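Q: Sharing a structure below in structure tokens format, with a few things to ask.
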Amino acid sequence: MTTSGPLTSASLVAFVATGQAEVARQFYQSVLGLSLLEDTPFALVFESNGTTLRIQKVQQVSPVPYTALGWTVPDIHAAVRELGARGVAFQRYDGLSQDALGVWQAPGGARVAWFRDPDGNTLSLTEVAA
Numbered sequence: 003m004t005t006s007g008p009l010t011s012a013s014l015v016a017f018v019a020t021g022q023a024e025v026a027r028q029f030y031q032s033v034l035g036l037s038l039l040e041d042t043p044f045a046l047v048f049e050s051n052g053t054t055l056r057i058q059k060v061q062q063v064s065p066v067p068y069t070a071l072g073w074t075v076p077d078i079h080a081a082v083r084e085l086g087a088r089g090v091a092f093q094r095y096d097g098l099s100q101d102a103l104g105v106w107q108a109p110g111g112a113r114v115a116w117f118r119d120p121d122g123n124t125l126s127l128t129e130v131a132a
């Protein structure tokens, strides 16, 4: 089924929030390696492989209990090791069979690992099934 509409060819902008802009800037720029486009009184704006990420500056963040942002990576174990070396702690969840690096394999074969940003937003890495 093919669909079309006013947003079919529009660029997507992703959003999360931070209550500690300087810490978030350091994390997203230095730890995750994203390119900072601008730092305004309202948001930090990064670029991630053609997608704009706006990290809204707020007084207080109420993280949601599910993944807020995620990236697809070609080799999840290499990405987890590299981010781990940069200080990223990967999450473990009861009921999920995760390997030594915290990677879970979904029934369909995709591999997923989760981590949090300084404000507690859950982020993920996914390696799609071959």
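First residue of the sequence shown? That's 3 in this note's numbering, and the numbers climb one at a time after it. Using N, Cα and C, we set each Cβ at its ideal position, and we do this for glycine too. If you're wondering where the values come from, they're calculated on a predicted model, not measured in any experiment.
Can you tell me where the alpha helix (DSSP H) with Leu85 in it begins and where it stops?
A: The sequence position of residue 85 within the sequence shown is 83, counting from 1. Start and end: Ile78 to Ala87.
Q: So, are the CB atoms of Ala81 and Leu127 less than 8 Å apart?
A: Numbered from its first residue, the sequence shown carries residue 81 at position 79. Numbered from its first residue, the sequence shown carries residue 127 at position 125. Their beta carbons are under 8 Å apart, which means Ala81 touches Leu127 by this criterion.
Q: Relative to the C-alpha of Ser64, which candidate in Pro120, Met3, Gly7 and Ala131 has its C-alpha closest?
A: To locate residue 64, count along the sequence shown from 1; it is residue 62. Looking at the Cα atoms, Pro120 is the closest of the given residues.
Q: Closest to Ser13 by C-alpha separation, out of Gln28, Leu38, Asn51 and Tyr30, would be which residue?
A: Working through the sequence shown from its first residue, we reach residue 13 at position 11. It is Asn51.
Q: Roughly how many angstroms lie between the CA atoms of Glu129 and Glu49, to the nearest whole one?
A: In the sequence shown, residue 129 corresponds to position 127, counting from 1. In the sequence shown, residue 49 corresponds to position 47, counting from 1. Answer to the nearest angstrom: the Cα atoms are 21 Å apart.
Q: Here's the rule I'm using: 16 or more other beta-carbon atoms within 10 Å means buried, otherwise exposed. How should Val25 be labelled?
A: One-based indexing of the sequence shown puts residue 25 at position 23. Looking at its Cβ environment, which holds fewer than 16 other Cβ atoms inside 10 Å, Val25 is exposed.
Q: Give the straight-line distance between the Cα atoms of Gly111 and Ile78, rounded to the nearest whole angstrom.
A: On the sequence shown, residue 111 is found 109 positions in, with the first residue counted as 1. On the sequence shown, residue 78 is found 76 positions in, with the first residue counted as 1. C-alpha separation (whole angstroms): 13 Å.
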